[in-house]
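At position 991 of the sequence shown (counting the first as 1) the number is 991 in UniProt numbering, and the numbers step up by one without a gap.
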Amino acid sequence: MRRQRRAFLASPQTWKQRPHKTPDAYPESPISCSSSSSPLPPHLHLPHPLLPSSPLPCACLSSCPVNHFLPPQLSPSASSRPTCFSPPPPSLLHLFPSFRPSLHGLLRVLLVLLASLCFLPCPVQAGWFRVGVVGPWGCDPLFAKALPSVAAQLAVNRISKDPSLSYSTTFDYVVLQEPCQTSKALDTFLGFYTKASGYVGPANPGYCEAASMLSKGWNKAVFPWGCVDYELDDIRSHPTFARSMPKPTSVLLKVMRHFRWAHVAIISSSDDIWLETANKVANSLRNDGMPVKLVAITENTPDGVRGTLAKIRKMKHIRMVILCMHSVLIGGRLQKLLLETAYDMQLIDGSLVFVPYDALLYSLPYRNVSYPALRSNSKLLRAYDAVLTITINSPETSFYEAYEEAMERGEVARTLMPQQVSPLFGTIYSSVLFMAHAVRSVKESGEWMSGGNLARHPRNLDFQVLTLYRGLMKKLHSVLKVLEKTGNILEVSVLHNWKIHYPRGSGPRKDSPCWFKRGTICSGGENHTHAHTCIVGRFVHIHHSLLWLSPCLLLPRRRIQQIRMVKGPNKILLTLDDVTFINPSLSNKVSLWPVTVMRLKGSLRLCVLTLGVVWLQGDWAWLKRLPDGTFRTIYPKTTTVFEMMKDMRHENVNPFLGFFHDCGVFAIVTEFCSRGSLEDLLFNEDVKLDWMFKSSLLLDLIKGMKYLHLRGVSHSRLKSRNCVVDGRFVLKVTDFGYNEVLEAQRFPYVEPTPEELLWTAPEILRNGFPGLHGSFTGDVYSFAIIMQEVVVRAPPFCMLDLPAAEIIEKIRKPPPLCRPVVSPDYAPMECIQLMKQCWNEQPEKRPPFEEIFDQFKNINKGRKTNIIDSMLRMLEQYSSNLEELIRERTEELEIEKQKTEKLLTQMLPPSVAEALKKGCTVEPEHFDSVSLYFSDIVGFTTISANSEPIEVVDLLNDLYTIFDAIIGNHDVYKVETIGDAYMVASGVPVLNENRHAAEIANMALDILSAVGTFKMRHMPDVPVRIRIGLHTGPCVAGVVGLTMPRYCLFGDTVTTASRMESSGLPYRIHVHESTVKILLELKQGYKVELRSRTELKGKGVEETYWLVGKEGFTKPLPVPPEIKLAFWQQHSTINQQEVERPISPPTVASV
């Protein structure tokens, strides 16, 4: 026997080598690690009292976490030393063939059993599995909206209804609060060791690696949904780690690779969890070779957001901005502020794409869903056009639809509408279900239920999640875009067939493909060696190709130009079919004369309008007529001039729209400016011009001429009448290219009048054909004369009081020099000095327009000179502020409306509240059977007397907040609270057959369990004891009152329930016989004790009961204090003959 025992201890592997048959009559051991393991035979059965006296050695304790797989009532407390038990291996029964039951033999076998367990891995084939749902549920309201307790409960309930999952395993859950600070998270996670068998979480990526290492030591699986670290994918270092969803950065990398967006910036909220997420995402992308340019933290303030976006603007080559914060679609205020500020800063221009990171972690509803945040905010809607939302695909049912179905089936309480719940609810649900499938997979394989096996088996699982999509590890992601007109979310692709709309039509530029090639080093966006080789090769190739193809290319070029002149939306040659004249005799179309008079009244003289204004392509245009003559053909040189004029596009250059030739009229068509020419504006005495106004007009002229000279175009006809002013008082240079058209078409030279030559430079006047050719320096001289007109607000050379012909002759033949005389009173001295430089007699000493622009800006010391633009901006700003104010007020009104409706639904049942909102009358309703709950605080008067009023309010608020959270998990309705009294009903206003008694009983047990650990803040040593009364019966419900209406219950049932509470005892649930009968019919394992006959005030003496528990209810209940029997119980008034009879102990019944 001793040799056999030594051989057994030395070689535990021999256990599986010997055949063994377990007797069918052996009862299941209550201390085995698994209900499916071989049970102990009767002679080896360990009675329950021996459990605490048989601890395992320390070596075994460190490797056997089986106690966490036991039901809570058999698991040791966290403060006690953990004990691990397991059934003996089958071959152990054959080591003692001559064994006879005796105390000495039993102890010897027990010692051998316990020692053997130290050499084996713990076979956690448990009958009880508790999932710990880890997350920062109390740190952020949007995390709390995920309802982790409700999501886990829904998953556990559905698991229990699935025979394939619940067979031989009972699942439970516990919600574990993750600290808000990362520095405290790991310390708190250490305390979770004794609270769960496996973990869904953690959510904070900051300590994922440390948590994985702890779970490896504990031999427990962790299934996180928020971890990003690429080191965690190493199965050798992290064998108990398994992802319950695709790695978010891998999805991001696929999107970046598809669009070739390598350069990324990350903006994070200042909260710890998002800050850690941003850093981990940056590290993961950098590990894959992506150049993460910036990781910025922004505060939830306008200045903080603006400063962060300013950094983004300064960074070059940024294509994608990842937003690590709550999505605006689920209530993220920071992301809303950031996108609106980006719109104001003109960053929504298609050069950047914003990607909300949190949408990668859940399935955002997008089918038949309209988000109020976008629908009610036009600025946010336009800004969201630059957002690319990537979320888990839900092709069959969205999260909102799945949640609504769960509500209709009674699986989830109707306390919140689906739109008020975060889609993260579905991620929690799917993760718990994922772990259940992993447990089943390990059991079916026959392997040990260890953390490593749990993490290894689910890698190829395929099952149905909350949104009815099959598979969790294999699910695809959808790319979503917003429709700007409706605010709805549209699925554009599932990483296939990309058709995406961007602001202004084009998306961010593509980066070099070398960023996405493994083994290639990139710098600055391109592979330099490869680029150099390609450039040289292409240059040689192009050179040879041009030599061969140049004749072929030149031949059709003229034909292409001719086609572009007469066809297409940008054609140049116009006829009567393209324009509408004001004069009906010249038009093939209906006259627009009435409209013209209404629209242009007061802008220009009527004679000018009837001669030169036409209607072209939905807007007004101006015709600059050429001298009399005929255009028999358009010469190629003229076509070149037209194309040059068509290409001139600048804010201060009047655009060339085409050339009209029909009915003997030939004219250059330009954009019509309603304020007329600069000459007209200066002669209009109704327009007040101060220096700011004048300098604004001159600066516009300088900018327009600077643009023309930079494009190599000399105006040659620059004068005040060839400068036009639009409705916004923006000056534009027009009539450029006029002389070139006349020369190209070989028009005969016509000498201008002396009045038209007053702006012409002296060197041009001395030529034989003044006005025909111009120069850059000649344009500078013309600008100086216009400066004199604007500054003095008078015609050129007006102060000389000479005829135009004499002035021209003096200019042509100096000395003396003939120039205007301008007093310093009209303008700053710097402006007069600049004017004199520009009309210098020597052309080479005249400054170019680039220098003129710089000098003129210095005259105003860098101030904005366009007073009209400033006024318009002020008006636009006022309009924007007014729109923003209206929008904010509308949003506030909507928020307040939602708050009011929410408050109304909290005060009244939803059906009643909806009827009252519609103005309908709510008729009283009779209910045949409802269950009522009453409770109050024992000794509340004494507590109130020894407390400050504010402390009493805090006490009731803390206590009833816990009660309110509990009733959310049950099909009950909170009726009212009066002082310390708390009233709840079930079966009203929504009927639920006979389940109302069970719902009230379950809720009462949960409340009593919660009160057992509740402590007052100001008197933590004083326990808060409540007494609870339950009763079932008929009642009438209805709305009472118009001011502060209340939904009240009436009837004898309410009175009896109140009497059950008042006649109860502390830490006791006093149940009426009517409720007990229904609980008995339900057969759900409720445990009650007969209290004996109890006197109910106003009701007489009736038999009542204590509700003390329920089968499967594992939460601890407080121990009721010992209270002596009341006088009426010792001396019954009903039967005086039984006064001396001793009272029998309470009778326990299981219903």
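Each residue gets a CB set at the ideal place from its N, CA and C atoms; glycine is no exception.
- Judged by beta-carbon spacing, Pro224 lies beyond the 8 Å limit of Pro246, meaning their Cβ atoms are not closer than that value.
- Fewer than three pairs of CB atoms, one per stretch, sit closer than 8 Å, so the stretch 440-459 makes no contact with the stretch 355-362.
- Around the beta carbon of Pro748, fewer than 16 other beta carbons lie within 10 angstroms, which makes this residue exposed.
- Rounded to whole angstroms, the separation of the alpha carbons of Arg717 and Asp662 is 26 Å.
- DSSP places Thr1056 within a helical segment (H, G or I) once states are collapsed to three.
- Thr639 and Ile572 have their C-alpha atoms some 9 Å from each other.
- Closest by C-alpha distance to Ile392, out of Gly446, Met320, Leu480 and Asn377, is Leu480.
- Here Tyr207 carries a helix assignment [DSSP, helix/strand/coil].
- In this structure, the beta-carbon distance from Cys208 to Ile266 does not fall below 8 Å.
- Each residue's CA atom was taken as its position, placing Gly307 and Arg728 some 32 Å apart.
- Here the C-alpha atom of Glu1073 lies approximately 53 Å from the C-alpha atom of Ser327.
- Comparing C-alpha distances from Thr298 to each of Ser284, Leu338, Val669 and Leu657 shows the shortest one belongs to Leu338.
- By the criterion of a C-beta distance shorter than 8 Å, Val321 is surrounded in its chain by Val264, Ala265, Ile266, Ile267, Ile312, Leu352, Val353, Phe354 and Val355, once the five residues flanking it on both sides are discounted.
- Ile895 is classed as exposed because its beta carbon has fewer than 16 other beta carbons within 10 Å across all chains shown.
- Rounded to the nearest whole angstrom, the CA to CA distance from Thr633 to Thr777 is 34 Å.
- A direct Cα-Cα distance of roughly 12 Å separates Phe259 from Ser506.
- When the alpha-carbon of His1018 is set against those of Gly1012, Leu956, Pro924 and Val1040, the nearest one is in Leu956.
- In the DSSP assignment, Thr391 falls within the unbroken beta strand (DSSP E) covering Thr389 to Ile392.
- Checking the DSSP bridge columns, you'll see Val292 partnered with Val264.
- DSSP places Met829 in the helix class (H, G or I) of the three-state scheme.
- When DSSP states are grouped into helix, strand and coil, Pro762 belongs to the helix group.
- For the options Ala1001, Glu1122, Leu885 and Met1044, the alpha carbon positioned closest to that of Phe1113 is the one of Ala1001.
- In this structure Ser1063 is buried. Its beta-carbon is surrounded by 16 or more other beta-carbon atoms within 10 angstroms.
- In this chain, the alpha helix (DSSP H) harbouring Leu338 covers Arg333 to Asp344.
- Here Pro148 carries a helix assignment [DSSP, helix/strand/coil].
- Here Pro302 is exposed, its C-beta having fewer than 16 other C-beta atoms within 10 Å.
- Burial is judged here by how many other beta carbons sit within 10 angstroms of a residue's own beta carbon; Cys920 has fewer than 16 and is exposed.
- Secondary structure of Pro1023 (DSSP, three-state): strand.
- Taking the CA atoms as reference points, Ser931 sits about 34 Å from Leu165.
- C-alpha of Glu679 to C-alpha of Leu757: approximately 15 Å in a straight line.
- Within 10 angstroms of the beta-carbon of Asn946 lie fewer than 16 other beta-carbons, which makes it exposed.
- Beyond the five residues adjoining it in sequence on each side, Phe1014 comes within less than 6 Å, by CB distance, of Val1024 in the same chain, given in chain order.
- Cβ contact annotation for Lys280 (same chain, cutoff 7 Å, sequence separation greater than five): Pro205, Val228 and Asp229, in chain order.
- By the neighbour-count criterion, in which 16 or more other beta carbons inside 10 Å mark a residue as buried, Lys314 falls on the exposed side.
- Annotation: the stretch 376-444 contains the following complete segments of the beta strand (DSSP E) (minimum length 3 residues), in chain order: 389-392.
- DSSP, read as helix, strand or coil, puts Met1003 in helix.
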